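Reviewing the structure listed below.
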Amino acid sequence: MSAIAYKTIGIGVTFSPNLEANINEAARLALFFEAKLVLIHVGEPSDKKSNTFLSFLNPFESEGLEFEVIFQSGDPVDVILTSTVEKNIDLLIIGALKKENFLKYYLGSIARKITRKANCSVLLLINPSKERAPCNHIVVNGLKDPKTEETVTTAFFVGHKLGAKKITVVEEVDQDEVSVKVDDDKSLRRSTIVKERLRLREETRVKKILKTIPADYTEDIVIKSQPIFGKRGYSIGHYAQVARADLLVMNAPAKMTFWDRLFPHDIEHILTELPTDVLIVQ
Amino acid sequence: MKTKESTFVGFIKALPKNIFSGLVVSLIALPLGLGLAMASEAPPIAGVITAIVGGILVSILGGSFVTISGPGNGLVGVVLIAITTLGLTATYAAIICSGILLVILGFLRLGKLADYFPSSAIQGMLAAIGLIILGKQFHIMLGNKIVQDSGIDYLLEIPNTLVTVANFQDEGLIYAAVAGVMSLAIMVFYSKVRNKYLQLIPAPMWIVIVSVGFSYYYELVLKLPNPISGDYMIPAIPNIQEIVTDIPSPNFEMVGTLSFWSSVIALTLIASIESLLSIKAVDKLDVFKRRSNVNKDIKALGLATVVSGFLGGLNVVTVIARSSVNVNNGGSNRSSNLFHALFLVVFIVLFSTELTRIPLSALMAILVYTGYKLASPNIVRQIFTIGKEQLIIFFATLFVTLKVGLISGIVAGLIATFIIHVVITRSVSLFVKNILKPNVLMFKEEDGSYFLSVKHFCSFLNFNILKNSLEAIPEQNDVIIDFSLCGFVDHSVMESVHDYQELFHKKGGNIGVIGLDILGTKSEHPFALRRLLPLQKIIPDNKTKRQNSLELVASDFELSYSAEKTTKSGFLEDFIYFKTKKIKHLFNQLSVKKGPYRLFDITYSEGEFIAKEVVRSTMLYIKTSKDIPVFTLDREGLLERFYALAGYKDIAIDNHTDFSKRFYLRGENSKGIKTLFTDELVRFFESNAYYHIESSKDGVLIYSKERVASIKEIKALLDFGIRLNAIINKV
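Just so you know, the protein sequences line up as chains H and A, in that order. Numbering-wise (the numbering used here), the first sequence opens with residue 1 and increments by one. Numbering-wise (the numbering used here), the second sequence opens with residue 283 and increments by one.
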């Protein structure tokens, strides 16, 4: 397992009421990960803008934050995506919007496009704040997927860096895998047995992954493994919400076709109803 | 896991009881079958054919255990319209097609069609069917046959009929009307009289027996012709040879027309809804708490409907009243359904000519009662207590069904429900955006209990998702349903969840509902306060004379008295007596904290629908200090000797032949019972008044009559119980 590190963290910034909170969050994370922070602003450079950014970043500079501000006009999606490549950004931070009157969060259309196309890991923040909110509980997917191992390791890396107390690995078992349909007592018994078997299978798989994680990442962290039966990609978000997780770590989707968006599944569900902060590991 | 052999032995052992139960059910099925067929304007024998075909095929192929199948009352309205618009032979074709549709539904696992309809709309539809039946048959019951266009017109004619009947001159018609009214009286008062000999024969059969007896009395004793007008007697019933030779051939010529298919769809819809509701209700009564395979049952019902249609019968559905009679008479597996069919064959072979002695008006009284039960004011009152908006849905469905038709009615109910939901939540997008989302998350918590969290909204539109999750949980488990992320939960869901709570409770599990506010909650906090489903609690403000006396009795016996109604009746569930009965509540309790005695008035019901009897009784429960074998002790009578033939065994206590002769004692563990019944205990029973005594593992239940006891009786009961407890503790 190669050591995971976020060397350069990027954030797209616009002048919104959330600006200060967004910058604060990004700067804090950069400090935690000992990474360089890149602010990307889509638009013409001006002194006034630079000064605003600098004034927000100032407090962090004294703590040793290394940063860079990029001004470039053009299509926001293109600008941010090309900048991530040019600057070697390996973690991109995107702030979500909050629905009026509802405690529900969603991504704007630009943010959604960027999330789909980005080649680096993406962190979606639902509730950026000026003060630091502790990250206690991380939920990570334990899907049967080649990327999962890295995702789980990343979750532990992040958890270690942010001082998380608990990490739950969620194995989503698709309802279709439980091949027995429940009709009566007999089929119910059979389906319960099949489910139990699937649960054990998933648990051993997750345990295997957990063994590969460097020991210092797992220190002081309570590890829980939770199989859930439900729709892939959707149920994990629901679980994160119920379990009051502070961060949900997920695999990046394999590939997006037009159909995936029309019949949303996996990550698309999460994008429409952000349950909590979400880290998508590329 | 049971071996094959032991299940076979168990089956053989249960056979006599099932034959007996099949007989009792056939007694009610015969008059109902004739009546339902005639109410649908089909030949009377069609109803009996339906029951026979249904009983034979569904008992062999079905997936439920104690249900009875046959012609259903819900279908009367649909078949009636089909026959008037399509004609009889084309209706047979429509019945066959609906049978095929049902089989397809079963294979597509869509047997639970009724789950997709809001419950108030279904109630409204059933009430409309009830009114259609009642409206039409009321006139025939009173000897005043009329022809009208729609269901509403028949209802509006009722006052006119009453006036006409009051002015009857023709003696034949007067006798017909009297027969009708008397039969209705039998139906109404039958359930009020608790007498074991009377109750052995179902009310509809009493009507048959009385009217056939009346006819013979005139013929043999008075040597006079039957005074009831010939128009109001059942038309000739073909004998068995005629039935076989005269099988009508279904007419498929109208298969291309719209009216044909709307009939087919209505038949299918109502058949599946009626069957599903019945299966659900009967499963709750099953002593062995088995789970019915609904889709398998629907397939079997569909196939039976096809065969029935070809043989000149109607749609085969699962029927609630007959099924509950089956359960109450000890039916324990599908063989009772088969025997009910076989007994019907025997009746038709032996007595088909006797059946023409039944007055039509008497038979229609059964249907008037059935119709009334479907549309009774109680249902309206019940819906009103749930909410005014439910009443709107109910009446919208009811009126559209009566005025336009069944399919339009149910569609109107659906639309009305949806509009009301939108108005209440003030949001269309809540429903439109989230309807396709898999909104239920289920996982097993570390302590082994299941946690279900429901998001967005939960109503009749997407209840099937929650339902499927609940179905996949073995009922012995603890379940928590969390609605705190839900913006809206509708009445149909609440009702179904409550049903599941009952089911889980019966099988040893538990469902807790949390995060629920009556109006729905917008809170996103997952650990909101736990809140139980609302229970109607009625506390009487001023006590009756009996209640005041009860308070005095309580202080005499050093017990405390509470008049409040409570549904905490878990301690009664282990008693055999309550296995097939539904306890509503206990009230007027005399008890003492942690003491062994508990005396209470209890309200429970037995049977369902027209066979439903609500009983109030006074009972004494004693918690014994040690485990005792399960037994029931009764006074021995004619009926008990008869039961013995049907496989209920009487345990004889050695050296006490007099006791064995006078008392009827039964239980599984005869060795344990014999050690419990010492000389002292036997002498105690011999020298005291008779009580019905039953034991569960650690409790004894004593009562004398199936009615509320007087103060004097209560004192005697308490005294008896205290002395009995003392002796049992000595053993």
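In this text, a Cβ means the ideal position worked out from N, Cα and C, and glycines have one as well. As the structure is a computational prediction, the values presented were derived from the model and not from experiment.
Below 8 Å on the Cβ atoms is my guess for A:Asn615 versus A:Phe293; work out the distance and round it to an integer in Å.
In the second sequence, the residue the question calls residue 615 of chain A occupies position 333. In the second sequence, the residue the question calls residue 293 of chain A occupies position 11. Correct: roughly 7 Å between the Cβ atoms.
Which value, in whole angstroms, describes the spacing of the CA atoms of A:Tyr973 and A:Gln871?
The residue given as residue 973 of chain A occupies position 691 in the second sequence. The residue given as residue 871 of chain A occupies position 589 in the second sequence. Each residue's Cα considered, the two are about 20 Å apart.
Residues of chain A with CB closer than 9 Å to the CB of H:Pro227, please, in chain order.
Counted from its first residue, the first sequence places residue 227 of chain H at position 227. Ordered by position in chain A, the residues that pass the 9 Å Cβ test against H:Pro227 are Phe725, Lys726.
Secondary structure at A:Leu596, three-state DSSP: helix, strand or coil?
Locating residue 596 of chain A in the second sequence gives position 314, counting from the first residue. Coil at A:Leu596, not helix or strand.
Specify the secondary structure class of A:Ser735 as computed by DSSP and reduced to three states.
Within the second sequence, numbered from 1, the residue matching residue 735 of chain A stands at position 453. It is a strand residue.
Which residues, in order along the segment 731–758 of chain A, keep a beta-carbon less than 7 Å from a beta-carbon of chain H?
Within the segment 731–758 of chain A, the qualifying residues are Ser735, Lys737, Glu753, Ala754, Pro756.
I need the DSSP call for A:Asn660, collapsed to helix, strand or coil.
One-based indexing of the second sequence puts residue 660 of chain A at position 378. If DSSP states are grouped into helix, strand and coil, A:Asn660 belongs with the helices.
Does the beta carbon of A:Val330 fall short of 7 Å from some heavy atom of the ligand GDP?
The ligand GDP is not part of the structure shown, which contains no ligands of any sort.
Contact criterion: CB-CB distance below 8 Å. Does H:Lys181 meet it with respect to chain A?
Translated into positions along the first sequence, residue 181 of chain H becomes position 181. Yes, contact with chain A.
So what's H:Leu123 in DSSP terms, helix, strand or just coil?
The sequence position of residue 123 of chain H within the first sequence is 123, counting from 1. Reduced to three states, the DSSP call for H:Leu123 is strand.
Among the residues of its own chain, which have a CB less than 7 Å from the CB of H:Ser55, if the five just before and after it don't count?
Indexing the first sequence from 1 puts residue 55 of chain H at position 55. There are no such residues.
Helix, strand or coil, according to DSSP, for H:Arg189 in the structure here?
If you number the first sequence from 1, residue 189 of chain H lands on position 189. Three-state result, H:Arg189: helix.
So what does DSSP say about A:Thr349, is it helix, strand or coil?
Position 67 of the second sequence holds residue 349 of chain A. Correct three-state label for A:Thr349: coil.
Which class does H:Ile138 belong to by DSSP, given the choice of helix, strand or coil?
As a first step, residue 138 of chain H is located in the first sequence; it is residue number 138 there, counting from the start. Reduced to three states, the DSSP call for H:Ile138 is strand.
State the CB to CB distance for the pair A:Thr679 and A:Gly653, rounded to an integer number of angstroms; the pair is presumed to be in contact (CB under 8 Å).
The count along the second sequence starts at 1 and reaches residue 679 of chain A at position 397. The count along the second sequence starts at 1 and reaches residue 653 of chain A at position 371. With a Cβ gap of about 17 Å, A:Thr679 and A:Gly653 do not count as contacting.
Pull the bridge partners of A:Thr900 from the DSSP assignment, please.
The residue given as residue 900 of chain A occupies position 618 in the second sequence. Partner(s): A:Asp883.
Have a look at A:Ile674, A:Ser606, A:Tyr732, A:Val601 and flag the residue whose alpha-carbon is nearest the alpha-carbon of A:Lys861.
Translated into positions along the second sequence, residue 861 of chain A becomes position 579. Ranking the options by Cα distance to A:Lys861, first place goes to A:Ser606.
Using a Cβ-Cβ cutoff of 7 Å, what residues of the segment 941–970 of chain A are near chain H? List them in chain order.
Correct list: empty, as no residue qualifies.
Check whether chain H comes within 8 Å of A:Leu868, counting only Cβ atoms and requiring the distance to be less than that.
The residue labelled residue 868 of chain A in the question sits at position 586 within the second sequence. Not closer than 8 Å to any Cβ of chain H, the Cβ of A:Leu868 fails to qualify, so no.
With a threshold of 8 Å between beta carbons, is A:Leu387 in contact with chain H?
As a working mapping, residue 387 of chain A is identified with position 105 in the second sequence. So no, A:Leu387 is outside the interface.
Spatial neighbours of A:Ile529 within its chain, please: C-beta separation below 8 Å, excluding the five flanking residues on both sides.
On the second sequence, residue 529 of chain A is found 247 positions in, with the first residue counted as 1. Excluding positions up to five away in sequence, the list reads Phe592, Leu593, Gly594.
May I ask you to report which of helix, strand or coil DSSP gives A:Ile483?
What you label residue 483 of chain A is simply residue 201 of the second sequence in a count that begins at 1. Correct three-state label for A:Ile483: coil.
In chain H, what lies closer than 7 Å to A:Leu767 by C-beta?
The count along the second sequence starts at 1 and reaches residue 767 of chain A at position 485. Within 7 Å Cβ-Cβ: Gln241.
DSSP on A:Glu916, reduced to helix/strand/coil?
Locating residue 916 of chain A in the second sequence gives position 634, where the first residue counts as 1. Strictly speaking, residue 916 of chain A in this sequence is Asp, with Glu absent from that position. Three-state result, A:Asp916: strand.
Is there a C-beta anywhere in chain A that falls below 8 Å from the one on H:His160?
As a working note, residue 160 of chain H is residue 160 in the first sequence. So, not an interface residue.
Suppose the cutoff is 6 Å on Cβ atoms and the five residues either side in sequence are ignored; what does the same chain contact list for A:Leu723 look like?
Taking the second sequence and counting its residues from 1, one reaches residue 723 of chain A at position 441. Taken in chain order, the residues that qualify are Ser735.
Express the C-alpha separation of A:Lys863 and A:Asp916 in angstroms, rounding to a whole number.
Start at 1 with the first residue of the second sequence, and residue 916 of chain A comes out as number 634. Start at 1 with the first residue of the second sequence, and residue 863 of chain A comes out as number 581. Each residue's Cα considered, the two are about 19 Å apart.
For H:Asp277, which residues in chain A fall below 7 Å Cβ to Cβ?
Walking along the first sequence from the start, residue 277 of chain H turns up at place 277. Neighbours of H:Asp277 on chain A: none; closest Cβ ~15 Å, over 7 Å.
Do A:Phe770 and A:His703 have their CB atoms nearer than 8 Å?
Here residue 770 of chain A refers to the residue found at position 488 when the second sequence is read from its first residue. Here residue 703 of chain A refers to the residue found at position 421 when the second sequence is read from its first residue. It is a contact, given that the beta carbons lie within the stated cut-off.
Report the residue from A:Val546, A:Lys905, A:Tyr514, A:Asn721 whose alpha carbon sits nearest the alpha carbon of A:Gly454.
By one-based count along the second sequence, residue 454 of chain A stands at place 172. Of the candidates A:Val546, A:Lys905, A:Tyr514, A:Asn721, the one whose C-alpha sits nearest the C-alpha of A:Gly454 is A:Tyr514.
How is H:Lys165 classed by DSSP in three states: helix, strand or coil?
To locate residue 165 of chain H, count along the first sequence from 1; it is residue 165. The answer is coil: DSSP assigns H:Lys165 none of H, G, I, E or B.
What is the C-beta distance between A:Asp772 and A:Phe742, in whole angstroms, given that I count them as a contact (C-beta under 8 Å)?
The count along the second sequence starts at 1 and reaches residue 772 of chain A at position 490. The count along the second sequence starts at 1 and reaches residue 742 of chain A at position 460. Contact flag correct, Cβ pair sits at about 6 Å.
Could you tell me the alpha carbon to alpha carbon distance between H:Asn88 and H:Leu143, rounded to whole angstroms?
Position 88 of the first sequence, counted from the first residue, corresponds to residue 88 of chain H. Position 143 of the first sequence, counted from the first residue, corresponds to residue 143 of chain H. Near 28 Å, if we compare the C-alpha coordinates of H:Leu143 and H:Asn88.
So, does the CB of A:Lys861 fall closer than 8 Å to a CB anywhere in chain H?
Taking the second sequence and counting its residues from 1, the one referred to as residue 861 of chain A is at position 579. For A:Lys861, the answer is no, since every Cβ of chain H falls outside 8 Å of its Cβ.
Taking one C-beta from the segment 337–352 of chain A and one from the segment 611–631 of chain A each time, how about it: are there three or more such pairs within less than 8 Å?
Cβ pair count under 8 Å is three or more, so yes.
Is the shortest distance between the beta-carbon of H:His137 and the beta-carbons of chain A less than 8 Å?
For the purposes of this step, residue 137 of chain H is identified with residue 137 of the first sequence, where counting begins at 1. Chain A, which has no Cβ nearer than 8 Å to the Cβ of H:His137, makes this no.
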